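Those sequence lines, one after another, are chains A and B. Counting from 1, one number per residue, gives the positions in the first sequence under UniProt numbering. Counting from 1, one number per residue, gives the positions in the second sequence under UniProt numbering. Here a beta-carbon is modelled for each residue, glycine too, at the ideal position from N, C-alpha and C. Since this is a predicted model, take the numbers as computed values, not measurements. Here's the structure, in structure tokens; my notes come after.
2 protein chains.
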Amino acid sequence: MTEPRWLDEGERAAWIAFLTATNLVNRKLEQQLKDDAGLSHTQYEVLVQLNAAADGALRMTELADRLVTSKSGLTYQITQLERAGLVSRRSCPSDVRGVFAEITERGREVLRFAAPGHVEAVRNALIDVLTPEQLTHLAEGLGEVTRRLRTEQRCGAQTATQGGTATQAASGAGAGRP
Amino acid sequence: MTEPRWLDEGERAAWIAFLTATNLVNRKLEQQLKDDAGLSHTQYEVLVQLNAAADGALRMTELADRLVTSKSGLTYQITQLERAGLVSRRSCPSDVRGVFAEITERGREVLRFAAPGHVEAVRNALIDVLTPEQLTHLAEGLGEVTRRLRTEQRCGAQTATQGGTATQAASGAGAGRP
DNA sequence: GTCGCTTGGTTCAAATTGGAACGAAGCCAG
DNA sequence: CTGGCTTCGTTCCAATTTGAACCAAGCGAC
Numbered sequence: 001m002t003e004p005r006w007l008d009e010g011e012r013a014a015w016i017a018f019l020t021a022t023n024l025v026n027r028k029l030e031q032q033l034k035d036d037a038g039l040s041h042t043q044y045e046v047l048v049q050l051n052a053a054a055d056g057a058l059r060m061t062e063l064a065d066r067l068v069t070s071k072s073g074l075t076y077q078i079t080q081l082e083r084a085g086l087v088s089r090r091s092c093p094s095d096v097r098g099v100f101a102e103i104t105e106r107g108r109e110v111l112r113f114a115a116p117g118h119v120e121a122v123r124n125a126l127i128d129v130l131t132p133e134q135l136t137h138l139a140e141g142l143g144e145v146t147r148r149l150r151t152e153q154r155c156g157a158q159t160a161t162q163g164g165t166a167t168q169a170a171s172g173a174g175a176g177r178p
Numbered sequence: 001m002t003e004p005r006w007l008d009e010g011e012r013a014a015w016i017a018f019l020t021a022t023n024l025v026n027r028k029l030e031q032q033l034k035d036d037a038g039l040s041h042t043q044y045e046v047l048v049q050l051n052a053a054a055d056g057a058l059r060m061t062e063l064a065d066r067l068v069t070s071k072s073g074l075t076y077q078i079t080q081l082e083r084a085g086l087v088s089r090r091s092c093p094s095d096v097r098g099v100f101a102e103i104t105e106r107g108r109e110v111l112r113f114a115a116p117g118h119v120e121a122v123r124n125a126l127i128d129v130l131t132p133e134q135l136t137h138l139a140e141g142l143g144e145v146t147r148r149l150r151t152e153q154r155c156g157a158q159t160a161t162q163g164g165t166a167t168q169a170a171s172g173a174g175a176g177r178p
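Structure (structure tokens):
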């Protein structure tokens with residue numbers, strides 16, 4: 001690697017847009033959720049995932065994976081949510097080590113309460129800002145990025161080359177009807 | 001607002017892709033920079049901005065604004081960087097209250113050292129994953145999002161409607177040649 | 001001039017985060 | 001079955017991050 005392939009004008013523009021836009025959007029949502037529902041975005045996403053799950057419950061690791069967060073971080077958040085009565089822990093029958101995080105009725109209520117404002121915010125910050133085509137393009141591009149990083153993630157750390165074929169896409173919503 | 005406008009299939013897909021992709025990318029970069037250069041992404045961006053600035057210096061507020069971070073957060077990071085000798089504080093001649101953060105020679109060296117690996121990572125995580133068209137679309141879409149949120153930000157909190165016309169776009173790079 | 005309001009940065013406390021270390025369990029080959 | 005390796009969550013600790021409170025200094029109107 002003599003001289004790295006620096007970003008050209010367009011690439012740089014894309015990268016800058018990515019950085020600032022994501023920061024701004026996250027900031028916006030964080031604020032909205034905190035103000036209107038007293039939840040952090042992470043907590044909201046936990047509720048969304050659990051609410052959408054089969055029995056309103058998911059294993060800790062699975063959940064951490066979906067949220068793209070660390071295991072310890074999740075442990076912390078689940079504890080908080082449990083303390084608030086929105087989620088409860090349940091042990092796994094088939095695996096003593098396992099722990100299920102399960103959304104409570106109160107958790108579902110809070111989610112139902114918070115959802116409208118959140119969707120509204122998501123629309124204002126991202127969805128409604130773009131034309132349908134732009135949105136499609138965005139979904140395709142970022143979807144591809146996700147797939148790429150996910151496979152790379154699963155296939156252990158091979159020296160920075162690319163992974164293989166596709167993986168399944170995302171699952172639960174995020175701003176969908178609760 | 002009777003029933004909120006929930007996201008349809010495509011919108012949901014876009015939103016999910018946005019959430020996961022951004023998390024994954026950030027995670028990736030954070031890790032790479034920490035491992036290879038001992039810098040957090042925030043710190044790296046500080047150096048980038050200062051390095052690209054006119055005199056290698058920027059006012060605290062201006063910098064916080066560009067990084068889309070809180071003032072207190074920046075104060076913290078600048079203190080860290082100063083401690084590490086990569087940045088130094090300089091008072092502003094025209095405004096006693098003002099403080100300039102200025103990149104040091106050592107700061108520039110560290111940046112030069114870290115840049116190649118960072119660009120490489122940015123390419124692997126985002127740029128090279130997409131086709132040129134996808135990249136263009138992405139830049140346009142997210143650029144629009146940025147503009148929107150920036151203006152909304154500047155024009156005080158008017159009840160969630162949209163802002164006016166365009167603002168100037170971003171400035172310093174992020175993964176450009178240092 | 002000087003009162004009142006906005007700005008620029010820092011300080012402070014509280015909430016999160018992530019990685020490393022751990023203990024308890026699964027799991028598989030020999 | 002038993003040693004050796006992986007997996008599951010939690011605990012612990014250090015690093016960040018953010019908003020609120022604060023002090024000092026500009027700034028404009030009176």
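Where the beta strand (DSSP E) through residue i begins and ends
{"i": "B:Arg89", "result": "Val87 to Ser91"}
{"i": "A:Val99", "result": "Val99 to Ile103"}
{"i": "A:Arg59", "result": "Ala57 to Arg59"}
Chain-ordered chain A contacts of residue i [CB-CB under 9 Å]
{"i": "B:Arg83", "result": "Ordered by position in chain A, no residue passes the 9 Å Cβ test against B:Arg83, which lies about 25 Å from the chain."}
{"i": "B:Val99", "result": "Neighbours of B:Val99 on chain A: none; closest Cβ ~23 Å, over 9 Å."}
Below-7 Å beta-carbon distance, residue i vs any chain B residue
{"i": "A:Asn51", "result": "no"}
{"i": "A:Leu24", "result": "yes"}
{"i": "A:Val110", "result": "no"}
{"i": "A:Phe18", "result": "yes"}
{"i": "A:Leu58", "result": "no"}
{"i": "A:Ala114", "result": "no"}
{"i": "A:Gln158", "result": "Residue placement at A:Gln158 is poorly supported in this model, since its pLDDT is 41, which falls under 50; the coordinates still yield a value, given next. Output row for A:Gln158: interface = no."}
{"i": "A:Leu74", "result": "no"}
{"i": "A:Ile103", "result": "no"}
{"i": "A:Ala21", "result": "yes"}
{"i": "A:Val122", "result": "yes"}
Chain A within 7 Å of residue i, Cβ atoms only
{"i": "B:Thr146", "result": "yes"}
{"i": "B:Pro93", "result": "no"}
{"i": "B:Gln31", "result": "no"}
{"i": "B:Ala13", "result": "yes"}
{"i": "B:Ala64", "result": "no"}
{"i": "B:Leu149", "result": "yes"}
{"i": "B:Ala37", "result": "no"}
Counted within 10 angstroms of its Cβ, other Cβ atoms place residue i as buried (16 or more) or exposed
{"i": "B:Thr2", "result": "exposed"}
{"i": "B:Ala54", "result": "exposed"}
{"i": "B:Phe18", "result": "buried"}
{"i": "A:Thr131", "result": "exposed"}
{"i": "B:Thr61", "result": "exposed"}
{"i": "A:Glu152", "result": "buried"}
{"i": "A:Val129", "result": "buried"}
{"i": "B:Glu11", "result": "buried"}
{"i": "B:Thr79", "result": "exposed"}
{"i": "residue 262 of chain A", "result": "Residue 262 of chain A lies beyond the stretch modelled for chain A, which goes from 1 to 178, so this question has no answer here."}
{"i": "A:Glu45", "result": "buried"}
{"i": "B:Thr159", "result": "Because B:Thr159 carries a pLDDT of 37, less than 50, the predicted location of this residue cannot be relied on, and no value is offered for it."}
{"i": "A:Phe100", "result": "buried"}
{"i": "B:Gly73", "result": "exposed"}
{"i": "B:Gly85", "result": "exposed"}
{"i": "A:Lys71", "result": "exposed"}
{"i": "A:Pro93", "result": "exposed"}
{"i": "B:Arg66", "result": "buried"}
{"i": "A:Arg150", "result": "buried"}
{"i": "B:Arg123", "result": "buried"}
{"i": "B:Ala13", "result": "buried"}
Start-to-end residues for the alpha helix (DSSP H) that takes in residue i
{"i": "A:Ala84", "result": "First-last for A:Ala84: undefined, no H or E at that position."}
{"i": "A:Gly10", "result": "Glu9 to Ala37"}
{"i": "A:Ala52", "result": "His41 to Ala52"}
Closer than 9 Å at the beta carbon, the chain B residues around residue i
{"i": "A:Lys34", "result": "Neighbours of A:Lys34 on chain B: none; closest Cβ ~14 Å, over 9 Å."}
{"i": "A:Gly10", "result": "Pro132, Leu135, Thr136 and Ala139"}
{"i": "A:Arg89", "result": "By Cβ distance, chain B contributes nothing, its closest Cβ being about 24 Å from A:Arg89, past 9 Å."}
{"i": "A:Arg106", "result": "Within chain B, no residue comes near A:Arg106; the closest Cβ sits about 21 Å away, beyond 9 Å."}
Partner residues on chain B for residue i, Cβ-Cβ distance less than 7 Å
{"i": "A:Gly141", "result": "Leu130, Gln134, His137 and Leu138"}
{"i": "A:Leu47", "result": "Correct list: empty, because the minimum Cβ distance to chain B is about 14 Å."}
{"i": "A:Val68", "result": "Thr20, Asn23, Leu24 and Arg27"}
Heavy atom of the ligand NAD within 6 Å of residue i beta-carbon
{"i": "A:Thr75", "result": "This structure simply doesn't include the ligand NAD, nor any ligand for that matter."}
Chain B residues whose Cβ lies nearer than 8 Å to that of residue i
{"i": "A:Lys28", "result": "Leu149"}
{"i": "A:Pro126", "result": "Note on residue identity: the sequence assigns Leu, not Pro, to residue 126 of chain A. Per Cβ cutoff of 8 Å: Ala14, Trp15, Phe18 and Val145."}
Per-residue contacts from residue i into chain A (C-beta, under 8 Å)
{"i": "B:Val119", "result": "Pro4, Arg5, Trp6 and Leu7"}
Legend entry - Three or more C-beta pairs below 8 Å linking the stretch 135-152 of chain B and the stretch 15-31 of chain A: yes
Inset, instruction - Answer yes if the stretch 31-49 of chain A comes into contact with the stretch 28-40 of chain B, meaning at least three C-beta pairs across the two stretches below 8 Å, and no otherwise. - result: In the pairwise beta carbon analysis, the stretch 28-40 of chain B is classified as not touching the stretch 31-49 of chain A: fewer than three pairs are separated by under 8 Å.
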